[in-house]
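The end of the sequence shown is residue 447 by my numbering, with every number in the run present.
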Amino acid sequence: MLFFQKSVSFLSRLFQWFCVLVPLAVVVGSFCALFLWMLEWVTQYRFDHPDILYGLPVAGVAVALSYYWWGGRAGGGNNLILDEIHKPSEGVPLRMAPLVFIGTVVSHLFGASVGREGTAVQMGGSLASSFARLFRLDSRNTSILLTAGVASGLGAVYGTPITGAIFGLEVLTLGTLDYSALLPVAVTSIIADWTCHQWGIHHAVYPVTFRGLAAPGQTPFHVDALLWVKVAVAAVAFGFASRAFAEGVYRLGPVIKKICPTPWLQPAIGGVVTILLVWLLGTRDYLGLGVVAPEAGGASIVNFFSTTHYEWSWLLKLVFTVLALATGYKGGEVTPLFFVGAGLGNALAPVLGVPGDLLAGVGMVAVFGGAVNTPLACTVMGVELFGGTNIVYYATGCFIAYLCSGHTGIYLSQKVGVPKIWRPDFVPGIALRRTREGIWTED
Numbered sequence: 005m006l007f008f009q010k011s012v013s014f015l016s017r018l019f020q021w022f023c024v025l026v027p028l029a030v031v032v033g034s035f036c037a038l039f040l041w042m043l044e045w046v047t048q049y050r051f052d053h054p055d056i057l058y059g060l061p062v063a064g065v066a067v068a069l070s071y072y073w074w075g076g077r078a079g080g081g082n083n084l085i086l087d088e089i090h091k092p093s094e095g096v097p098l099r100m101a102p103l104v105f106i107g108t109v110v111s112h113l114f115g116a117s118v119g120r121e122g123t124a125v126q127m128g129g130s131l132a133s134s135f136a137r138l139f140r141l142d143s144r145n146t147s148i149l150l151t152a153g154v155a156s157g158l159g160a161v162y163g164t165p166i167t168g169a170i171f172g173l174e175v176l177t178l179g180t181l182d183y184s185a186l187l188p189v190a191v192t193s194i195i196a197d198w199t200c201h202q203w204g205i206h207h208a209v210y211p212v213t214f215r216g217l218a219a220p221g222q223t224p225f226h227v228d229a230l231l232w233v234k235v236a237v238a239a240v241a242f243g244f245a246s247r248a249f250a251e252g253v254y255r256l257g258p259v260i261k262k263i264c265p266t267p268w269l270q271p272a273i274g275g276v277v278t279i280l281l282v283w284l285l286g287t288r289d290y291l292g293l294g295v296v297a298p299e300a301g302g303a304s305i306v307n308f309f310s311t312t313h314y315e316w317s318w319l320l321k322l323v324f325t326v327l328a329l330a331t332g333y334k335g336g337e338v339t340p341l342f343f344v345g346a347g348l349g350n351a352l353a354p355v356l357g358v359p360g361d362l363l364a365g366v367g368m369v370a371v372f373g374g375a376v377n378t379p380l381a382c383t384v385m386g387v388e389l390f391g392g393t394n395i396v397y398y399a400t401g402c403f404i405a406y407l408c409s410g411h412t413g414i415y416l417s418q419k420v421g422v423p424k425i426w427r428p429d430f431v432p433g434i435a436l437r438r439t440r441e442g443i444w445t446e447d
């Protein structure tokens with residue numbers, strides 16, 4: 005009798021969660037589909053009308069003014085969502101979703117070098133917070149629902165639902181995972197991704213043809229020892245690139261604030277400098293997402309998987325993106341991180357004697373993993389994007405990049421559950437914004 009009562013209670017709670025998670029996933033997936041469609045449209049429009057770049061400073065100021073007038077707490081972005089997951093308080097305002105949606109689309113239309121993950125995560129988080137208020141969830145269940153919102157946004161926008169689920173758990177605290185939220189985040193991420201596909205959205209294909217098979221006459225095995233060592237060497241560079249990206253944004257930001265204390269005017273600086281860089285370099289390859297190039301053969305994520313080598317494209321994209329983010333343009337960091345990682349892998353491949361498509365794939369997920377401190381999620385992302393044959397190399401790249409990126413990252417509200425290298429003065433739960441400054445104890 006007791007077993008029956010517990011089973012009924014469990015099934016009842018499961019059904020209640022199902023009634024909350026499915027509508028949330030469908031809504032998030034639908035918004036991500038609309039967002040991806042809009043990004044594709046504005047990107048093609050910018051390719052067809054390149055002079056629209058000259059409106060970037062004014063567009064940036066317009067978006068910044070919208071946040072200045074109406075943003076409020078929504079300006080906290082991804083870090084606000086992480087703070088609310090760790091300790092629910094006022095919730096994530098619903099206006100975050102339309103503000104970041106419109107701001108990101110405008111940024112891409114005029115050529116700012118930003119991504120899309122931040123927008124998807126913020127839409128998922130703000131919608132999840134609204135659902136939590138609607139269903140009057142307690143603090144613990146609100147945290148779970150916010151995590152599901154984050155997972156569904158990332159899973160849908162990249163077409164990687166399992167990555168989204170693991171990311172939602174792993175991004176919260178370095179070194180620890182809370183499996184109590186595993187099923188809700190997985191269900192939400194999978195349904196959101198499915199919904200996005202039902203709207204006719206298709207994601208970019210990155211062709212990794214290397215399959216790691218043994219040469220004729222050798223015993224088949226899934227890893228080559230020398231190649232594995234070479235990938236590990238490259239992974240150190242990937243980790244340093246992750247750190248340079250994150251630190252670049254946080255170090256340039258205060259400089260911009262000193263030059264221009266007025267927040268809504270700061271994007272004008274980034275816009276003008278971006279235009280000057282385009283003039284100086286004579287290319288528009290480093291504007292926008294960078295998944296495809298405006299001209300055939302240009303530097304892009306897709307082209308990094310070809311046999312053509314682009315020695316310094318990764319560094320130029322890093323500069324363009326750090327400039328855009330530090331001056332307040334809205335979007336995300338992950339797709340530019342994909343560009344930096346794939347480009348760096350493409351550049352290192354001939355130096356190390358590694359297949360270019362393999363190292364581009366490893367770099368793409370490893371630099372992302374190092375910058376957001378989610379090595380497990382990014383290893384799974386490598387499998388979802390490129391297939392599972394080379395998982396040893398993807399895991400090697402992500403794990404080493406994670407260690408080499410240090411205690412910093414693009415989300416400073418992350419907590420440290422277990423430090424990457426043990427410290428006797430470590431206090432569990434300290435925020436990353438403190439550890440990157442060398443502070444390991446609470447006040």
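Built from N, CA and C at the ideal position, the CB exists for glycine as well.
In the DSSP output, which residue or residues are listed as bridge partners for Lys234?
DSSP output for Lys234 lists no bridge partner at all.
Distance between Cys264 and Thr199 (C-alpha atoms, nearest Å)
Taking the straight line from one Cα to the other gives about 43 angstroms.
Quick check on the DSSP output: the alpha helix (DSSP H) that includes Trp73 runs from which residue to which?
60 to 74
My output table needs one value for Lys262: the three-state DSSP class, helix, strand or coil.
Helix at Lys262.
DSSP state of Leu389 mapped onto helix, strand, coil:
helix
Consult DSSP for Ala435 and reduce its assignment to one of helix, strand or coil.
strand
Considering only C-alpha positions, which residue in the set Pro97, Val371, Tyr71 is nearest to Thr412?
Val371
Rounded C-alpha distance that separates Leu113 from Leu284:
21 angstroms
On the DSSP letters alone, give me the boundaries of the alpha helix (DSSP H) that Ala155 sits inside.
143 to 162
Segment contact, 8 angstroms Cβ cut-off, at least three pairs: the stretch 324 to 336 with the stretch 116 to 123:
yes
Less than 8 angstroms between the beta carbons of Gly179 and Val420, yes or no?
yes
How far does the alpha helix (DSSP H) with Ala185 in it extend, from its first residue to its last?
Run containing Ala185: none; DSSP gives neither H nor E here.
Which residue from Gly374, Gly216, Leu280 puts its Cα closest to that of Gly392?
Gly216
Between Gly59 and Ala236, what straight-line distance do the alpha-carbon atoms span, to the nearest angstrom?
The straight-line gap from Cα to Cα measures roughly 43 angstroms.
Excluding five sequence neighbours on each side, which residues of the same chain lie with their C-beta closer than 6 angstroms to the C-beta of Pro97?
Arg77, Ala78
Beta-carbon contacts of Ile395 that lie in its chain and below 6 angstroms, excluding the five residues immediately before and after
Closer than 6 angstroms at the Cβ level, and outside the excluded window around Ile395, lie Val387.
Proximal residues to Phe214 (C-beta, below 6 angstroms), its chain only, five neighbours per side dropped
Pro359, Asp361, Leu362
Tell me the DSSP bridge mates of Leu178?
Val420
Glu121, enclosing alpha helix (DSSP H) - first and last residue:
Looking at the DSSP string, the run of the alpha helix (DSSP H) that includes Glu121 is 121 to 138.
When DSSP labels each residue in this structure, what does Tyr406 get in the three-state scheme?
helix
CB-CB under 6 angstroms to Val227, same chain, minus the five flanking residues each way: which ones, in chain order?
So the list reads Val396, once near-sequence residues are dropped.
Within the same chain, show all residues whose beta-carbon is closer than 8 angstroms to that of Asp429, passing over the 5 residues directly before and after it, in chain order.
Trp444, Thr445
Evaluate Lys262 with the Cβ neighbour count: other Cβ atoms within 10 Å of its Cβ, from every protein chain shown; 16 or more gives buried, anything less gives exposed.
exposed
Check for me: the alpha helix (DSSP H) holding Pro102 runs from which residue to which?
It spans 100 to 114 - the alpha helix (DSSP H) in which Pro102 sits, taken as one unbroken run.
Span of the alpha helix (DSSP H), counted from its first residue to its last, around His90:
81 to 90
Let me check understanding here. Comparing Cα to Cα, which of Leu40, Pro92, Phe249 lies closest to Val161?
Leu40
Close Cβ partners of Val384 (< 7 angstroms) along its chain, the five nearest in sequence each way excluded
Ile166, Thr167, Ile170
CA-CA distance, Ser147 and Ser310?
43 angstroms
Is Ala218 helix, strand or coil when you go by DSSP?
Only weak support exists for where Ala218 lies, its pLDDT of 49 falling under 50; the coordinates are left without a value.
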